[in-house]
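Enquirer: Residues 25 to 290, numbered by the working numbering, are exactly what the sequence shown covers, in order.
Before anything else, here's the structure in question.
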Amino acid sequence: MNLGLEKSVVLIVGASRGIGAAAARAFAHEGARLSLLSRGHDLDQLARKLRESQPTAEIITFIRDATETACAEAVIQEVLARFGRVDVLVNNAGAGLRRPFEQLSDLEWSQSLDLNLMSAIRFSRAVLPAMKQQRQGRIINLGAVSATRPRRGQIASNTAKAGLVNFTRSLAIEMAPHNILVNAVCPGSVDTPRWRARFNAMVAELQKPADEVMRATAGRLIPLERPGTPEEVAGLIVFLAGRQASYITGTAINVDGGLAAGILAE
25 MNLGLEKSVV LIVGASRGIG AAAARAFAHE GARLSLLSRG HDLDQLARKL RESQPTAEII
85 TFIRDATETA CAEAVIQEVL ARFGRVDVLV NNAGAGLRRP FEQLSDLEWS QSLDLNLMSA
145 IRFSRAVLPA MKQQRQGRII NLGAVSATRP RRGQIASNTA KAGLVNFTRS LAIEMAPHNI
205 LVNAVCPGSV DTPRWRARFN AMVAELQKPA DEVMRATAGR LIPLERPGTP EEVAGLIVFL
265 AGRQASYITG TAINVDGGLA AGILAE
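Quick look at the structure:
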């Protein structure tokens with residue numbers, strides 16, 4: 025399928041690993057020009073591999089903290105100076121904070137909201153003038169199934185992701201007259217480095233074979249009986265950026281193997 029993304033300018037915030045890196049690979053395959061941001065120094069390694077696989081790819085990287093107040097405006101201006109436009113913004117910065125409610129400090133609440141919600145708000149605000157001038161744009165926010173089906177022990181990130189989904193829908197309404205489409209992609213359990221580290225720790229704690237632990241966790245809760253892959257989430261992100269998704273806005277689409285359907289295996 026030709027998604028019409030060749031030479032489109034795509035900015036991915038939170039691009040160095042997992043879903044963000046998979047999205048970068050998928051956009052590069054479509055011929056997009058990439059601006060990649062992460063606070064992790066493995067971002068340059070990703071860019072190097074992308075250039076090796078796509079020798080004609082145009083890629084710039086920003087090793088910066090998306091939660092810094094001035095970051096969004098500065099990065100958008102640099103992207104515009106290099107490419108002259110921004111067609112797609114993917115807001116993927118985020119992390120789950122595992123802490124019971126009564127143990128969370130105001131600072132931890134603020135940090136979770138800043139990373140999972142405010143970074144997307146700031147980057148969206150910074151990119152909108154350029155997208156309005158272009159009379160087109162796509163903003164894709166990475167939410168989570170936990171926005172509507174909260175994960176135990178992750179109340180801060182659950183709350184932030186719920187806010188992100190509502191922000192997505194609200195912004196979509198305001199930006200529709202400008203042909204700027206805003207959607208959220210909401211993964212469930214995805215086999216990213218962070219998820220794999222938690223799973224391996226569970227296997228070590230239970231001292232049981234990995235496949236047995238998988239059946240007892242993902243197999244019990246997820247109808248497809250496995251976690252997703254970053255590439256499966258990236259596929260939807262790239263589709264929403266493409267020409268075939270020109271009538272989709274204000275949605276929050278789960279990529280969760282059926283988890284949110286509420287089906288439990290017997």
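Where is the CB? At the ideal position from N, CA and C, for every residue including glycine.
What residues in its chain sit with their C-beta under 6 Å from that of Gly64, if we drop five residues either side in the sequence?
Expert: Position 40 of the sequence shown, counted from the first residue, corresponds to residue 64. Around Gly64: Ser40.
Enquirer: Taking just the CA atoms, how far does Ile261 sit from Ser213?
Expert: Position 189 of the sequence shown holds residue 213. Position 237 of the sequence shown holds residue 261. The alpha-carbon atoms of Ser213 and Ile261 are separated by roughly 16 Å.
Enquirer: Just list the alpha helix (DSSP H) runs in the stretch 134-202, keeping only unbroken ones of 4 residues or longer that don't cross its boundaries, in chain order.
Expert: With a minimum length of 4 residues, the continuous alpha helix (DSSP H) runs that stay inside the stretch 134-202 are 143-158, 179-199.
Enquirer: Would DSSP call Ala56 helix, strand or coil?
Expert: The count along the sequence shown starts at 1 and reaches residue 56 at position 32. Here Ala56 sits in coil by DSSP.
Enquirer: Would you mind reading off the limits of the alpha helix (DSSP H) that contains Phe263?
Expert: If you number the sequence shown from 1, residue 263 lands on position 239. That run of the alpha helix (DSSP H) goes 254-265.
Enquirer: When DSSP builds the beta bridges, which residues end up paired with Phe86?
Expert: Here residue 86 corresponds to residue number 62 of the sequence shown, with the count starting at 1. The partner list for Phe86 (beta bridge, DSSP) reads Leu61.
Enquirer: Decide if Ser134 is buried, meaning its Cβ has at least 16 other Cβ atoms within 10 Å, or exposed.
Expert: Your numbering for residue 134 matches position 110 in the sequence shown. Looking at its Cβ environment, which holds fewer than 16 other Cβ atoms inside 10 Å, Ser134 is exposed.
Enquirer: In terms of alpha-carbon separation, which member of Leu205, Met142, Ser194 lies closest to Gly161?
Expert: Counted from its first residue, the sequence shown places residue 161 at position 137. That would be Leu205, whose Cα lies nearest to the Cα of Gly161.
Enquirer: Give every residue of the same chain whose Cβ lies closer than 7 Å to the Cβ of Glu54, excluding the five residues on either side of it in the sequence, and list them in chain order.
Expert: Working through the sequence shown from its first residue, we reach residue 54 at position 30. Taken in chain order, the residues that qualify are Leu27, Leu29, Glu30, Val262.
Enquirer: Does DSSP put Leu103 in a helix, a strand or coil?
Expert: Locating residue 103 in the sequence shown gives position 79, where the first residue counts as 1. For clarity, residue 103 is Val in the given sequence; the question names Leu instead. It is helical.
Enquirer: Quick check on this structure: which residue in Gly167, Pro153, Thr216 has the alpha carbon closest to the alpha carbon of Arg193?
Expert: For the purposes of this step, residue 193 is identified with residue 169 of the sequence shown, where counting begins at 1. The option with the nearest alpha carbon to Arg193 is Gly167.
Enquirer: Below 8 Å, can you find three or more Cβ-Cβ pairs linking the stretch 132-149 to the stretch 78-85?
Expert: No: fewer than three Cβ pairs fall under 8 Å.
Enquirer: Taking the DSSP output, what are the residues bridged to Ala276?
Expert: Within the sequence shown, the letter at position 252 stands for residue 276. DSSP output for Ala276 lists Ala208 as bridge partner(s).
Enquirer: By alpha-carbon positions, which one of Pro153, Ala171, Ser143 ends up nearest to Gln7?
Expert: Since the first residue of the chain shown is 25 and the last is 290, residue 7 is not available in this structure.
Enquirer: What does the Cβ neighbour count give for Gly108, buried or exposed, with the cut at 16 atoms within 10 Å?
Expert: Position 84 of the sequence shown, counting from 1, holds the residue named residue 108. Result: exposed.
Enquirer: Taking the DSSP output, what are the residues bridged to Arg123?
Expert: Position 99 of the sequence shown, counted from the first residue, corresponds to residue 123. For Arg123, which the question treats as bridged, DSSP gives the partners Gln178.
Enquirer: Going by DSSP, which residues form a beta bridge with Val115?
Expert: Within the sequence shown, residue 115 is the residue found at index 91, counting from 1. Position check: residue 115 holds Asn in this sequence, whereas Val was assumed. Paired residue(s): Val37, Asn165.
Enquirer: Could you tell me if Lys185 is buried or exposed, where buried requires 16 or more neighbouring beta carbons within 10 angstroms of its beta carbon?
Expert: Indexing the sequence shown from 1 puts residue 185 at position 161. Lys185 comes out buried.
Enquirer: Just to confirm, are Thr183 and Ser143 a CB contact at a threshold of 8 Å?
Expert: Reading the sequence shown from its first residue, position 159 is the one you call residue 183. Reading the sequence shown from its first residue, position 119 is the one you call residue 143. No, these two residues do not count as a Cβ contact at 8 Å.
Enquirer: Taking C-alpha atoms, which residue in Asn224, Gly266, Pro217 lies nearest to Asp66?
Expert: Taking the sequence shown and counting its residues from 1, the one referred to as residue 66 is at position 42. Comparing Cα positions, the closest option is Pro217.
Enquirer: Going by other Cβ atoms of all chains shown within 10 Å of its Cβ, with 16 needed for buried, is Thr80 buried or exposed?
Expert: In the sequence shown, residue 80 corresponds to position 56, counting from 1. It is exposed - the Cβ of Thr80 has fewer than 16 other Cβ atoms within 10 Å.
Enquirer: For the alpha helix (DSSP H) holding Glu76, just list the boundary residues, first then last.
Expert: By 1-based counting over the sequence shown, the position of residue 76 is 52. 67-77 is the span of the alpha helix (DSSP H), which, as asked, contains Glu76.
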